[in-house]
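Quick note on the working numbering: the sequence shown kicks off at 3 and runs consecutively. Glycine included, C-beta positions come from ideal geometry on N, C-alpha and C. In what follows, a structure is listed as structure tokens, so that the remarks can point back to it.
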Amino acid sequence: MAGGKETPRQKMIGMMYLVLTALLALQVSSEIINKFDLINKSLEGAFSDARAANDLRIAGIQKAVTEDPSQKNKNLLSKAESVKAKTAEMIAYIEGVKQEMVKAADGIKEDGTYANPSAETQMESLMVGPNKNGKAYEVKERLNKFAAELSQLSGTQIPPLALDAKDVPALAKDPAQRNKDFAELNFAQTPMVAGLAVLSQKQNEISRYESAILAKIAEDVNAVAVKLDKIVAMVRPEAKVVAAGTKYKAEMFLAASSSNITPTMSYNGQNIPVSNGMGTVEFVAQGGNYDKDGNLKKTWTGQIRIPKQGGGDTTFTHTEEYIVAKPVIQIQSASVQALYVNCGNELKVSVPALGATYSPVFSGAGANFIQGANKGDVTVVPTGINDVTLNVSSNGNMIGSEKFKVRPVPRPTVAAFANAKEIDLKLGAAAPYPNKLELRALAEEGFRSFLPKDAQFRVASFDVFLVKGKRASPAVASSGNVANIGSLISQAQPGDRLLVQIKSVQRMNFKGQIVESAPAGSNYINIPLQ
Numbered sequence: 003m004a005g006g007k008e009t010p011r012q013k014m015i016g017m018m019y020l021v022l023t024a025l026l027a028l029q030v031s032s033e034i035i036n037k038f039d040l041i042n043k044s045l046e047g048a049f050s051d052a053r054a055a056n057d058l059r060i061a062g063i064q065k066a067v068t069e070d071p072s073q074k075n076k077n078l079l080s081k082a083e084s085v086k087a088k089t090a091e092m093i094a095y096i097e098g099v100k101q102e103m104v105k106a107a108d109g110i111k112e113d114g115t116y117a118n119p120s121a122e123t124q125m126e127s128l129m130v131g132p133n134k135n136g137k138a139y140e141v142k143e144r145l146n147k148f149a150a151e152l153s154q155l156s157g158t159q160i161p162p163l164a165l166d167a168k169d170v171p172a173l174a175k176d177p178a179q180r181n182k183d184f185a186e187l188n189f190a191q192t193p194m195v196a197g198l199a200v201l202s203q204k205q206n207e208i209s210r211y212e213s214a215i216l217a218k219i220a221e222d223v224n225a226v227a228v229k230l231d232k233i234v235a236m237v238r239p240e241a242k243v244v245a246a247g248t249k250y251k252a253e254m255f256l257a258a259s260s261s262n263i264t265p266t267m268s269y270n271g272q273n274i275p276v277s278n279g280m281g282t283v284e285f286v287a288q289g290g291n292y293d294k295d296g297n298l299k300k301t302w303t304g305q306i307r308i309p310k311q312g313g314g315d316t317t318f319t320h321t322e323e324y325i326v327a328k329p330v331i332q333i334q335s336a337s338v339q340a341l342y343v344n345c346g347n348e349l350k351v352s353v354p355a356l357g358a359t360y361s362p363v364f365s366g367a368g369a370n371f372i373q374g375a376n377k378g379d380v381t382v383v384p385t386g387i388n389d390v391t392l393n394v395s396s397n398g399n400m401i402g403s404e405k406f407k408v409r410p411v412p413r414p415t416v417a418a419f420a421n422a423k424e425i426d427l428k429l430g431a432a433a434p435y436p437n438k439l440e441l442r443a444l445a446e447e448g449f450r451s452f453l454p455k456d457a458q459f460r461v462a463s464f465d466v467f468l469v470k471g472k473r474a475s476p477a478v479a480s481s482g483n484v485a486n487i488g489s490l491i492s493q494a495q496p497g498d499r500l501l502v503q504i505k506s507v508q509r510m511n512f513k514g515q516i517v518e519s520a521p522a523g524s525n526y527i528n529i530p531l532q
């Protein structure tokens, strides 16, 4: 059953078949039925792996013929395809017989398990028949005919695949078994799951011979010889980021590589590092003309080159599509609806999608941009009333832009104070009148809240007149924001008024520089004297 050149997997399958044959010769209990089911599932799993490996061999042969389309190679490819076609036909036939067996044993239950896995009478009736005319005799004929056709096609001697007991060395001398034919040996008084295992083992034998023939053809056409001995589980999600309430979907599969080859890999023509047969593609995604949803479809091309037997190499090319999502730029500020002209508008700019790699540099138009000490901090100083554009880059890559409206600095309100109390301009000042008058420039509340460093106003100079009727006295000039008006008050009487002319208002900006300003409303203040 297993020669010296067989792989460990093939030897394992042969051993399982010997165990299966031995169990079939016994009167097994219902507890053994589960063992038969386990053997069948193991055989089916091994068969699936073998078929996948044979598909890769065919792909390697086709690739080699594409690179060297000589008539010899074309003939070999034709032979390989014929072997594959005949094998696929035979395997499909056996799979159909397995389905008939399951159906005869009452099918499959709703939970996916067999309804009657231990069915023996139904199996014997279907496969052996009352007059040795059951399905197994057709199976034997088809299997052995397939082996003969494969021998003729490949030039390699393939032994019969369905044997009577007398042709099996381990059973030929057993008086209880040696007179049984293939059908009786494998399906008479046999549980249904054991019969399935018998046919699964035959599928593995078919695949083994297919593999040997394809390996020889691959060698003849100088195709890539790849021994898949590294298998890892892989997951390919539709997206790594999903919103709450939406479905996460991913494909999970096995990926195989070979330790007997050293592949060379590249991305867009540039070599990439390869470790344990796996290459790492890494690049900075570049933005561009995003669609209305903020996405930009792009592709990259990768190539894997592996050496061929006899020299040269084979190149596998793959083009992968990916989507660049427009990063969301988040602005934190006391006010981001608009910026104030000639003021230090402090912003904190973050791009959460970039994580720890975020290293911003700021530029733009309509303003001066002062980089802050902390990552993402920038002070924007608009130089005019036109819109300001803030460009955000990170590690030399443009991330995006944000636009801001620009508003003028609100003019301060000037209020008159005497004895540290604000004078009510409607009621005026009552006797005794103050000897000193103070003017304070009060910043607009919102502006003072948003930009306290730029909201420091003061009255730099003003004149005060005593008005009696229509006649005004000579002016008393202030010293800063305070004026000594004792000389005027000594002449004042109820019904007179003090007329204040504001001459200069100044603002100190965030840099400590003095900027000329103007009061809100009129430059004059009237203070009635009671």
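Would you give the residue range spanned by the alpha helix (DSSP H) that residue i belongs to?
| i | result |
| --- | --- |
| Q203 | 194-222 |
| A494 | Looking at the DSSP string, A494 is not in any alpha helix (DSSP H), and its letter there is neither H nor E. |
| N525 | Per DSSP, N525 belongs to no alpha helix (DSSP H) and is neither H nor E. |
| A185 | 184-189 |
At the level of alpha carbons, what is the spacing between residue i and residue j?
| i | j | result |
| --- | --- | --- |
| Q272 | L356 | 25 Å |
| K111 | D315 | 52 Å |
| Q332 | V351 | 6 Å |
| S524 | Y342 | 23 Å |
| A27 | N56 | Confidence at A27 is low in this model, with a pLDDT of 46, below 50, so the placement of that residue should be treated as unreliable; the coordinate-derived value is given next. Each residue's alpha carbon lies about 34 Å from the other. |
| G6 | K100 | Caution is warranted here: a pLDDT of 43 is assigned to G6, below 50, making its placement in the model unreliable, and no coordinate value can be reported. |
| E424 | K438 | 13 Å |
| T158 | M125 | 35 Å |
| Q205 | G304 | 37 Å |
| A327 | A52 | 41 Å |
| S361 | A522 | 43 Å |
| E46 | V200 | 11 Å |
| F449 | F467 | 32 Å |
| T266 | Q203 | 39 Å |
| G281 | Y269 | 10 Å |
| Y435 | L427 | 14 Å |
| K405 | Q515 | 27 Å |
| M510 | S519 | 10 Å |
| L429 | N347 | 40 Å |
Start and end of the beta strand (DSSP E) containing residue i?
| i | result |
| --- | --- |
| T266 | 266-269 |
| E150 | The sequence shown places Ala at residue 150, rather than the Glu named in the question. No beta strand (DSSP E) holds A150; the alpha helix (DSSP H) holding it covers 137-156. |
| E404 | 399-409 |
| F449 | Premise fails: F449 lies in the alpha helix (DSSP H), 447-452, not in any beta strand (DSSP E). |
| N2 | No answer is possible for residue 2: the residues shown for the chain start at 3 and end at 532. |
| I516 | 516-519 |
| N291 | Run containing N291: none; DSSP gives neither H nor E here. |
| L341 | 340-342 |
Determine which residues share a DSSP beta bridge with residue i and list them.
| i | result |
| --- | --- |
| F364 | V394 |
| Q334 | K350 |
| I306 | M267, F318 |
| E387 | First, the residue type needs correcting, since residue 387 is Ile and not Glu in the sequence shown. DSSP, once it has assigned bridges, lists no residue as partnering I387. |
| D465 | A479, Q503 |
| F459 | R509 |
| I325 | K299 |
| A418 | L441 |
Are the CB atoms of residue j and residue i within a distance shorter than 8 Å?
| i | j | result |
| --- | --- | --- |
| V85 | L128 | no |
| A190 | R180 | no |
| L165 | F148 | no |
| Q493 | A431 | no |
| L444 | A418 | no |
| K137 | E97 | no |
| R442 | V461 | yes |
| F49 | S209 | yes |
Looking at the structure shown, is residue i part of a helix, part of a strand, or coil, going by DSSP?
| i | result |
| --- | --- |
| N118 | coil |
| G90 | Here residue 90 turns out to be Ala, not Gly, going by the sequence shown. If DSSP states are grouped into helix, strand and coil, A90 belongs with the helices. |
| R442 | strand |
| G109 | coil |
| K470 | strand |
| Q532 | coil |
| A66 | helix |
| E284 | coil |
| V276 | strand |
| A167 | helix |
| K423 | strand |
| A55 | helix |
| D379 | strand |
Should residue i be counted as a contact of the ligand ZN given a C-beta to heavy atom distance under 7 Å?
| i | result |
| --- | --- |
| M129 | Looking for the ligand ZN in the displayed structure turns up nothing, as the structure carries no ligands at all. |
If we cut at 8 Å on Cβ distances, does residue i have a partner in chain C?
| i | result |
| --- | --- |
| F371 | No chain C is present in this structure, which holds just one protein chain. |
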